[in-house]
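Following: one structure in C-alpha cells, then a few remarks.
There are 2 protein chains.
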Amino acid sequence: MFSSASQASVGRSLAGLETPCLVLETRRLARNVSRLKTHLEPFAVRFRPHLKTAKSAEVARVVTDELAAPLTVSTLREAEYFLEHGFSDLLYAIGIAPNKLEHVFDLRRRGAELSIVLDNIEMARLVAARCAERSDPLPVLIEIDTDDHRSGIKPRDPVLVEVGRALHEGGAVLGGVMTHAGSSYGLKGAAAFAERAEQERSGAIAAAEALRGAGLPCPEVSVGSTPTAHFARDLAGVTEVRAGVFMFFDLVMAGIGACSLDDIAISVLASVVGHQRDKGWILIDAGWMAMSRDRGTARLSVDQGYGIVCDLGCDPIPDLIVIDANQEHGIIAHRSGLGPLPNLPIGTMVRILPNHACATAAQHDRYHVTTDGSIVSAIWPRIYGW
Amino acid sequence: MFSSASQASVGRSLAGLETPCLVLETRRLARNVSRLKTHLEPFAVRFRPHLKTAKSAEVARVVTDELAAPLTVSTLREAEYFLEHGFSDLLYAIGIAPNKLEHVFDLRRRGAELSIVLDNIEMARLVAARCAERSDPLPVLIEIDTDDHRSGIKPRDPVLVEVGRALHEGGAVLGGVMTHAGSSYGLKGAAAFAERAEQERSGAIAAAEALRGAGLPCPEVSVGSTPTAHFARDLAGVTEVRAGVFMFFDLVMAGIGACSLDDIAISVLASVVGHQRDKGWILIDAGWMAMSRDRGTARLSVDQGYGIVCDLGCDPIPDLIVIDANQEHGIIAHRSGLGPLPNLPIGTMVRILPNHACATAAQHDRYHVTTDGSIVSAIWPRIYGW
Numbered sequence: 001m002f003s004s005a006s007q008a009s010v011g012r013s014l015a016g017l018e019t020p021c022l023v024l025e026t027r028r029l030a031r032n033v034s035r036l037k038t039h040l041e042p043f044a045v046r047f048r049p050h051l052k053t054a055k056s057a058e059v060a061r062v063v064t065d066e067l068a069a070p071l072t073v074s075t076l077r078e079a080e081y082f083l084e085h086g087f088s089d090l091l092y093a094i095g096i097a098p099n100k101l102e103h104v105f106d107l108r109r110r111g112a113e114l115s116i117v118l119d120n121i122e123m124a125r126l127v128a129a130r131c132a133e134r135s136d137p138l139p140v141l142i143e144i145d146t147d148d149h150r151s152g153i154k155p156r157d158p159v160l161v162e163v164g165r166a167l168h169e170g171g172a173v174l175g176g177v178m179t180h181a182g183s184s185y186g187l188k189g190a191a192a193f194a195e196r197a198e199q200e201r202s203g204a205i206a207a208a209e210a211l212r213g214a215g216l217p218c219p220e221v222s223v224g225s226t227p228t229a230h231f232a233r234d235l236a237g238v239t240e241v242r243a244g245v246f247m248f249f250d251l252v253m254a255g256i257g258a259c260s261l262d263d264i265a266i267s268v269l270a271s272v273v274g275h276q277r278d279k280g281w282i283l284i285d286a287g288w289m290a291m292s293r294d295r296g297t298a299r300l301s302v303d304q305g306y307g308i309v310c311d312l313g314c315d316p317i318p319d320l321i322v323i324d325a326n327q328e329h330g331i332i333a334h335r336s337g338l339g340p341l342p343n344l345p346i347g348t349m350v351r352i353l354p355n356h357a358c359a360t361a362a363q364h365d366r367y368h369v370t371t372d373g374s375i376v377s378a379i380w381p382r383i384y385g386w
Numbered sequence: 387m388f389s390s391a392s393q394a395s396v397g398r399s400l401a402g403l404e405t406p407c408l409v410l411e412t413r414r415l416a417r418n419v420s421r422l423k424t425h426l427e428p429f430a431v432r433f434r435p436h437l438k439t440a441k442s443a444e445v446a447r448v449v450t451d452e453l454a455a456p457l458t459v460s461t462l463r464e465a466e467y468f469l470e471h472g473f474s475d476l477l478y479a480i481g482i483a484p485n486k487l488e489h490v491f492d493l494r495r496r497g498a499e500l501s502i503v504l505d506n507i508e509m510a511r512l513v514a515a516r517c518a519e520r521s522d523p524l525p526v527l528i529e530i531d532t533d534d535h536r537s538g539i540k541p542r543d544p545v546l547v548e549v550g551r552a553l554h555e556g557g558a559v560l561g562g563v564m565t566h567a568g569s570s571y572g573l574k575g576a577a578a579f580a581e582r583a584e585q586e587r588s589g590a591i592a593a594a595e596a597l598r599g600a601g602l603p604c605p606e607v608s609v610g611s612t613p614t615a616h617f618a619r620d621l622a623g624v625t626e627v628r629a630g631v632f633m634f635f636d637l638v639m640a641g642i643g644a645c646s647l648d649d650i651a652i653s654v655l656a657s658v659v660g661h662q663r664d665k666g667w668i669l670i671d672a673g674w675m676a677m678s679r680d681r682g683t684a685r686l687s688v689d690q691g692y693g694i695v696c697d698l699g700c701d702p703i704p705d706l707i708v709i710d711a712n713q714e715h716g717i718i719a720h721r722s723g724l725g726p727l728p729n730l731p732i733g734t735m736v737r738i739l740p741n742h743a744c745a746t747a748a749q750h751d752r753y754h755v756t757t758d759g760s761i762v763s764a765i766w767p768r769i770y771g772w
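These protein sequence lines are chains A and B, in that order. Each residue of the first sequence is one higher than the last, beginning at 1 in this note's numbering. Each residue of the second sequence is one higher than the last, beginning at 387 in this note's numbering.
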C-alpha cells in the first residue's frame, strides 16, 4: 500500500521524516483511553468507541483491548473495514438513506452484527419492509434529539411510538434508542458538561420509557459525546456509551476544557520552507491539505488559527500559531500578528497541534506512530472515503 | 482498488448510486479546458496545468490532450503518480524543504524531468551543493512575490541575484523565475483580474531582467492563477502559464466572477436522511467529510454556506444551501434561515456545488464520471497524501 520510502521510516527519528506527515503518540492515546474507561467503569455500561476519528484497526485494538469489541462507525466503508479486521459488532450511527440498505444487508450476510439508526416514519416503514423481504431482522435504534442540536425525534413526540411500532410490527428489530449530545462541544467546563450529560441521559431514558409505556421493547439506551461521556455523574438506565475524538483530543476539546494540550495525541510534522520577515511570517509545508480547513477554535475564547506550533518534542512554542493556510503552505506568525518570532531557520521541523482531530487525521493516509515521542515505531494505515 | 460495488456503478444512473459520492461532469470539464486554451492560444506560451485540484491521470489526459505534456504538481506524491502515468515534465511548485531533496533526486533517476522552486539563499546553497554531490543539475525556478500574498522574493530585492548566483555557480541549473498571483482570488471581475495579471507579468519580467542584468540566465518566466490566466491581456516575456482550479471551478470562482455556476464540473451527490421541520432543516448524508470544511464563500458578498443545493440534473434549487455541517451530516436550509422549503422527502437525492473544488475533491478517492449528466460512464481514481 505504501512506498518503500515510507516503510523505511520505521526506526527513524521524527527529524528524519519527509514532511508533511501525521504523527501519533501512543502514550497519549493509551492515557486518553485509560482515563475514559476508568471514569466509565463504576457505571457498568457497555463502551462502544466511535472510530470515525481514527479510522484505523490498529488504533481500534489499542482502544478496545480485545478483538470483536463493539464499535461505532460513521460510514459503511468503516463498517466494511473493521469487519475485515475482526470487529463484527458495529453500530452505523448516521441516519440511514434508502440507497445504503443493500450495502447494510450485504455486510450482515458477510458476518457483521450491524445495527443502524433512523429518526422518521418513512425510513422506519421502508426498513421494516426490506427486512421482511430479506428475512433479515436488522436491529434499528431510533435516534432521539435531546439537545436541539441536529437530528432525532424529541423524547415526547408521538412520532417516536409510531416509528417504534412500524419497526417492531414490521420485519425489523426495535433495538432501542440512541442520542448524541453534540451541543456539548459548544459548552465549557466540567459543570456544564455534567449538566448536559444528565440532559442527554434523561432525554434518552424518557424516550425509552415512552416506547416501553406503549408496550414496545427498548433494550438499548445508547448515549454519548466526548464531553458528556467524560463528565457524566449518573448513567442509570443507560446501557451503552459512545465517544470518539477523546482518543486523540484536539485544540477545540482543550479550548472547552475537556482535555489539556498535552493530551493531544496527533500532530502534523512540517518544515520551514521560507520567511517573509517584513510581514512576521514563517512559511511551512503544511497547509490546509495537511491540517484540514477546520477552524473550530475560531468561535472559542482563544482562536488557535490552523493550529499551535510546537517544537519537535511537541512542546508549544509560546504564542506561535499557524495564522493562515493555502493548499500546501501554512503561514506561522505570533498570535498577535506582531510579536517577536523565534529563530526557525529554513529546514527547521515543527509539529502542529490541530483544531479538530477528526478533520486533520482525515487528510492523511497513515499514522507515523511513536511511543517515546521521537522514534517512529510503526506505520499504521487509515482509511477514507465511503 | 475499489469494491466490486463501485465498479458496478458504471452504466447506472446517478440516482442508483450510494451516497455521498463525488460526481464529475466531463462536458463541463472539457468546456472549461477549451475556454482557457482558446484564451491562451494567441500568446504562444506553454501551458502547464496544475493538477493539485484533480489529482487524477484521467483528468490530466483530458486537460492536456497529449501524453508527456508539462504539468504542475503540489506534492511529490503527485509527481510520482503522474510520472507513473506517462507525464514526465513536472514542476513541483511549493518551496522545497531539505528533507524532500532525496525524493526529488530519486524521481529524476526514475525518469522525471522534475523542476523545483525556492525563495531563499539557504535553500539555494543547499540545493546547489547537493546537485554537485549528486552530479545531477536539477533545474530550479526562483519564486517571485509579485503581490505580497504568500511566499517569494520581491523582484527588486538584491537577494534575488544572490540566490540566482548561488544556483548558477553551484551545481544546479538556474531555470528561471515563477510567480503565483494568489491574491487574485480576493478580487472581483474581469478588469481587476486583468490588472492583477499585468502586475503578475510585469513583476515576473522585472525579476527576470534583474537576473539577466547580473549576467545570469533566466530562460523561463512562469506565471499563473486561475483568475489571472483567464483575463490576462498581455503575456509578453512570459514563457509559461499555470492554472489549476479552472478545470472544475467552484462557488468561490463563481462568486468573484471568474466563472458561472453552470461551469462547475464537480458536485457531491447526497441523500435526504431526515427533517427537523420546526427548525426549517433538511438533513443530508453529506457533511464536512464529503464537502470539506472550506468556507471560502464566507468572505464574499454572497455566503453559500457549505454549498448550493441542486436537483439531480444539477440545477440549483432557489435559495437552498447547506447552512451547517458535521462530519457526516449536512443541514440544508433556506439561505435566509426562514424561507419556505421545497418538498424533499426522505431518500431524495440532491447534488451540492462546492465552495472550493480543490478541498472538496480531496475528500474523495474517486470521481463518478458522467458525460450526459445522468449516467455514470466511468470511475476515475484520484490520489491523496504525500
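Positions of the beta carbon are idealized from the N, C-alpha and C atoms, including for glycine.
Bridge partners of residue 288 (chain A) according to DSSP: none are assigned. Identification of chain B residues near residue 18 (chain A) by a Cβ-Cβ cut-off of 9 Å yields 462, 483, 485, 486, 488, 489 and 772, ordered along the chain. Neighbourhood of residue 713 (chain B) in chain A, by CB distance below 7 Å: 52, 74 and 358, in chain order. Beyond the five residues adjoining it in sequence on each side, residue 320 (chain A) comes within less than 8 Å, by CB distance, of 308, 309, 332, 333, 334, 335, 341 and 342 in the same chain, given in chain order.
Against residue 283 (chain A), the close residues of chain B are 481, 505, 536 and 537, in the order they occur along the chain (beta-carbon pairs closer than 9 Å). By the rule that beta-carbons nearer than 8 Å mark a contact, residue 731 (chain B) touches chain A. Note: residue 655 (chain B) is bridge-paired with B:407 and B:737 in the DSSP secondary-structure output.
Residue 342 (chain A) sits in coil when the DSSP states are folded into three classes, being neither helix nor strand. For residue 696 (chain B), DSSP records a beta bridge to B:702 and B:737. In the DSSP assignment, the residues bridged to residue 178 (chain A) are A:143 and A:222. Along the stretch 52–132 of chain A, the beta strand (DSSP E) occurs as fully enclosed runs of 3 or more residues at 71–73, 89–95 and 113–118, listed in sequence order.
Here the alpha carbon of residue 64 (chain A) sits roughly 12 Å from the alpha carbon of residue 29 (chain A). The residue from B:677, B:407, B:477 and B:522 with its alpha-carbon nearest to that of residue 488 (chain B) is B:522.
Along the stretch 674–703 of chain B, the positions whose C-beta sits under 9 Å from a C-beta of chain A are 674, 675, 676, 678, 679, 680, 681 and 682, read in chain order. The beta carbon of residue 688 (chain B) sits closer than 8 Å to those of 641, all from its chain and outside the five residues before and after it, given in chain order. If you ignore the 5 residues before and after residue 537 (chain B), its C-beta comes within less than 8 Å of the C-beta of 481, 505, 529 and 531, all in its own chain and listed in chain order. Along the stretch 182–261 of chain A, the alpha helix (DSSP H) occurs as fully enclosed runs of 4 or more residues at 190–213, 226–231 and 251–255, listed in sequence order. Put simply, the CB of residue 585 (chain B) is far from chain A, with every gap to its CB atoms at 8 Å or more.
Taking a cut-off of 8 Å on C-beta distances, the stretch 174–189 of chain A does not touch the stretch 672–687 of chain B, as fewer than three cross pairs fall below it.
For residue 751 (chain B), the nearest CB of chain A lies under 8 Å from its own CB, placing it at the interface with that chain. Using a Cβ-Cβ distance cut-off of 8 Å, the stretch 394–414 of chain B and the stretch 423–439 of chain B are not in contact, since fewer than three pairs of beta carbons, one from each stretch, lie closer than that value. Around the beta carbon of residue 242 (chain A), 16 or more other beta carbons sit within 10 angstroms, so the residue counts as buried. At least 8 Å separates the beta-carbon of residue 115 (chain A) from that of residue 180 (chain A).
Among the residues facing chain B, residue 183 (chain A) is not included, as its CB has no counterpart in that chain under 8 Å away. By the Cβ-count criterion, residue 708 (chain B) is buried, with 16 or more other Cβ atoms from all chains shown falling within 10 Å of its own Cβ.
Per DSSP, reduced to three states, the secondary structure at residue 366 (chain A) is strand. Residue 88 (chain A) and residue 108 (chain A) have their C-alpha atoms spaced approximately 9 Å apart.
Interface criterion met: the Cβ of residue 275 (chain A) is under 8 Å from a Cβ in chain B.
The Cβ atoms of residue 284 (chain A) and residue 292 (chain A) do not sit closer than 8 Å to each other. Here residue 719 (chain B) carries a strand assignment [DSSP, helix/strand/coil]. Under the DSSP assignment, residue 378 (chain A) falls in the beta strand (DSSP E) whose first and last residues are 376–381.
Under DSSP, residue 662 (chain B) forms a beta bridge with B:667. Contacts with chain A (Cβ-Cβ distance below 7 Å) from the stretch 501–528 of chain B involve 505, 506, 508 and 509, listed in chain order. For the pair residue 72 (chain A) and residue 35 (chain A), the Cα-to-Cα distance works out to about 19 Å. The C-alpha of residue 759 (chain B) is placed about 31 Å away from the C-alpha of residue 573 (chain B). Bounds of the alpha helix (DSSP H) holding residue 548 (chain B) are 545–555.
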